[in-house]
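Just so we're on the same page, the numbering used here is the position in the sequence shown counted from 1, plus 873.
Data first, discussion second: the structure below is written as structure tokens.
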Amino acid sequence: MEHHSAHTGNAREQAMDHATHGATEHHDPQAHAAHSGHNHGGAHVDHTGHEIMFRNRFWVSLLLTIPVLLFSPMLQDWFGFSMPEFAGDRWIGSAFAIAIFFYGGLPFLQMAVPEVKNRQPAMMTLISLAITVAFVYSVFAVFAAPDSGFFWEMATLIDIMLLGHWIEMRSVRQASGALNELAKLMPDTAERITNGGTEEVPVSQLRNDDLILVRPGASVPADGRVEEGHSDVNEAMITGESKPVEKNPGDEVIGGTINGDGSLRVRVTATGEETALAGIMRLVEQAQQSKSNTQILADRAAGWLFYVALIVAAITIVAWVIAVGFELDVLERAVTVLVIACPHALGLAVPLVVAISTSQGARNGILVRDRLALEEARLIDTVIFDKTGTLTEGEFGVVNVATANGWDEDRALAVALAVEGDSEHLIARGIRRAAQERNLTPPAVNDFEAIKGRGIQATYEGRTVYVGGPRLLEMLESNLPDALSRFRDDAGTKGQSVVYLIDDAKPVAAFALADVIRQESREAVRRLHAMGIEVAMLTGDSEAVARAVAEEIGIDTYFAEVLPEHKDQKVAELQKQGKRVAMVGDGVNDAPALTRADVGIAIGSGTDVAIESAGIILVRSNPLDAVNIFELSRATYRKMIQNLLWATGYNVVALPLAAGVLAPIGILLSPAVGALFMSLSTVIVAINAQLLRRVQLAS
């Protein structure tokens, strides 16, 4: 079914492209060039041409409709006016209406051909049936009952159909515009560094290992690694991170991001199809093309409606012939049934929500690879997070400080920073980060000396100070004050490492170091609990470390000392308890667990987004983004169901009215009024889908 639907969709797009022929000269050249230059193998369609075609045909058809309305005997009678009489005036309305049918109605007829060939009637078949029946009936009515003036109803029906499709194409183009905007991020040229200076070359000529110069304010032309220079880079358009990211030698940069005030020399690591931007565009395309269960349901409903419309029309004819005999009004009833059965709102109900939710996610660093994954996310009741790098920073840092003998925390950290100097040891990096967060300046120290296996010493204000662990205490035969002793014991129960600052053999401060918990983790767990979702954690760390992290963040269940190859077993354990499980983890190490979970959510690194084992990819390692997935899933599903209920509800009410079930009490639905209500339902569905943009996602 899904494959068949996809085939039908492609055929429809081809037919639409053919129908668009003649309007292509009005394309936005820049948008078209961006689309053409960055088509990554998907079937992404630039909807600009379709939108312009429907817009132009709508306005032309609307102008042609004016004489049709003015020369309609029925409308003249209703509104009490008359047009000047002249030879052939009775053919004016008919002639303009025929022009409207062949100009305004042709795109729908062309787009119905693939549906008929595939023997899968859907929206275009129904629309074509409606306007064809209306046209044939109107031609017949001109000769059978010249005063019936049915042409005006056919003309307004086509106008309304064109208006509805113009609205649809405009909405889809706006929702899918994220792709063209992404394509425009990549500059056309780059400055490649050569032996003699720099040369400007097209981005397409860049190769891996090329060295490029990225000037202040310029776009980064390809993925790469900084070799020289310092700058802040705006990555918001790729990762959703609003704060510029500091870049130093050794850091990775992403093609399409905007350089700040510094110049960077970057070694190219990926170009063209291999860049992060290309990967993101592929994922967005895949998501917009993939079918969700709700979309498949809508497609089936449109197909069923075709047969329902034919059956109701047949029953209408039989019932009215039995009741009043064969009259022109009987045919009008059947035509009305076929006209208002068009599932325009039904066809728009799901695709528009899909397009908007996908682009909303992409703007917030959520890349949906599989629509079913996003749809399933609303049913999840348990989320498993991999600890390291997801709930934690994945870097050693100072998580607590205690002092004694009259020292305060800031002074202790500043002196420890000075003693550690520029060391790249894990402990030194952790102390440096803590000092930087407090904006501390290291005091003057000298006479540095490493004590092998124990720590480091230096001279501070004429005294010898040391930084090191328990073995340093043993060497100096130093006893911990009670405050530091209690601090050490408490840190030990949490699986944290402790290092000491010692001033002339007296321990004056202790620093507890561990993998630092992300600031967003607590808020993420709190929000998941508020949504009724349990939170579990997987880690290869010890029981003590796992328990400490779980208690601090508020996690319900944790699995400690789990080997990577056994992570999927823990997912299976929870599933056996009847839970629907989402797994959030690294796309490589956690691949089996991501595949096993009902919804796999992979953490991308910003440059590694094409992760096959997950249905959803997070560009940032931010646990709040995982929460946003469930928020977006629930909001998307609500909009889909609301739209489907409205669209199908309209047909459920309108078809019996068109058939004339309330005729005994004087209520009859004309084709024009039915088409008007159908257009109104389409507009309501479009507006309701646009409200999805108002969903507030955490950043």
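All C-beta atoms in this analysis are idealised placements derived from N, C-alpha and C, irrespective of residue type, glycine included.
query, result
"Could you name the residues that DSSP lists as bridge partners for residue 1075?", "1062"
"Can you tell me whether residue 1129 is buried or exposed? The criterion is at least 16 other CB atoms within 10 Å of its CB, across all chains shown.", "buried"
"What would DSSP say about residue 1559, mapped onto helix, strand or coil?", "helix"
"Identify the continuous beta strand (DSSP E) that holds residue 1380 and give its terminal residues.", "1379–1390"
"So what does residue 945 bridge to, in DSSP terms?", "None; residue 945 has no bridge partner."
"With DSSP run on the structure shown, which of helix, strand or coil describes residue 1442?", "helix"
"Bridge partners of residue 1274, per DSSP?", "1384"
"Pick out whichever of 1343, 1294, 1370 and 1300 has its Cα sitting closest to the Cα of residue 1333.", "1294"
"Taking residue 1358 as the reference, give the member of 1276, 1533 and 1320 with the closest Cα.", "1276"
"Taking only three categories from DSSP, how would you classify residue 974?", "helix"
"Give the list of continuous alpha helix (DSSP H) stretches no shorter than 4 residues that lie fully inside the stretch 965–1014.", "965–977 and 979–990"
"Name the residue from 947, 1033, 952 and 966 whose alpha carbon lies nearest to the alpha carbon of residue 981.", "1033"
"Hey, out of 941, 1490, 1467 and 1410, whose CA is closest to residue 1259's CA?", "1410"
"If the criterion is Cβ atoms closer than 8 Å, does the pair residue 1211 and residue 995 meet it?", "no"
"First and last residue of the alpha helix (DSSP H) that includes residue 1314?", "First-last for residue 1314: undefined, no H or E at that position."
"Cα-Cα, which of 1327, 1093, 1298 and 926 is closest to residue 1132?", "1093"
"Grab the span of the alpha helix (DSSP H) containing residue 1365 for me, first residue to last.", "1355–1366"
"Would you mind reading off the limits of the alpha helix (DSSP H) that contains residue 1422?", "1416–1426"
"Using CA coordinates, which residue listed in 989, 1001 and 956 is at the minimum distance from residue 975?", "1001"
"Candidates 1232, 1502 and 1363: which alpha carbon is nearest residue 1417's?", "1363"
"Mapping the DSSP letters down to three states, classify residue 1448 as helix, strand or coil.", "helix"
"Look at the alpha carbon of residue 868 and the alpha carbon of residue 1225, and state the distance between them as a whole number of angstroms.", "Residue 868 lies beyond the range of the chain shown here (874 to 1572); nothing can be said about it."
"Buried or exposed: where does residue 959 fall if 16 or more other Cβ atoms within 10 Å of its Cβ makes it buried?", "exposed"
"Check the C-beta distance from residue 1028 over to residue 970 and give it rounded, since I have them as a contact under 8 Å.", "5 Å"
"How close, in whole Å, do the beta carbons of residue 1339 and residue 1328 come, if the pair is a contact with beta carbons under 8 Å?", "6 Å"
"Would you kindly work out how many angstroms separate the C-alpha atoms of residue 1567 and residue 1392, rounded to a whole number?", "26 Å"
"Give a yes or no on whether the C-beta atoms belonging to residue 1239 and residue 1501 are separated by under 8 Å.", "yes"
"On the DSSP bridge list, what partners appear for residue 1456?", "1257 and 1473"
"Measuring alpha carbon to alpha carbon, tell me which of 1538, 1189, 1389 and 1530 ends up nearest residue 1546.", "1530"
"Once you ignore the five residues that flank residue 1641 on each side, which residues in its own chain have a CB closer than 6 Å to its CB?", "The structure shown does not extend to residue 1641, since the chain is modelled only from 874 to 1572, so the question has no answer here."
"When burial is assigned at 16 or more other CB atoms within 10 Å of the CB, is residue 1538 buried or exposed?", "exposed"
"Give me, in chain order, the residues of the same chain whose beta-carbon lies closer than 8 Å to that of residue 1399; leave out the 5 immediate sequence neighbours on both sides.", "1427"
"Excluding the 5 residues flanking residue 1394 on each side, which residues of the same chain have their C-beta closer than 6 Å to its C-beta?", "1264, 1426 and 1496"
"Measure the beta-carbon distance from residue 1084 to residue 1138 and round it to whole angstroms, keeping in mind my assumption that it falls under 8 Å.", "6 Å"
"Residue 1303: buried (16+ other C-beta within 10 angstroms of its C-beta) or exposed?", "buried"
"If you measure from the beta carbon of residue 1355 to each beta carbon in chain D, is any gap under 8 Å?", "In the displayed structure, chain D is absent; only one protein chain is listed."
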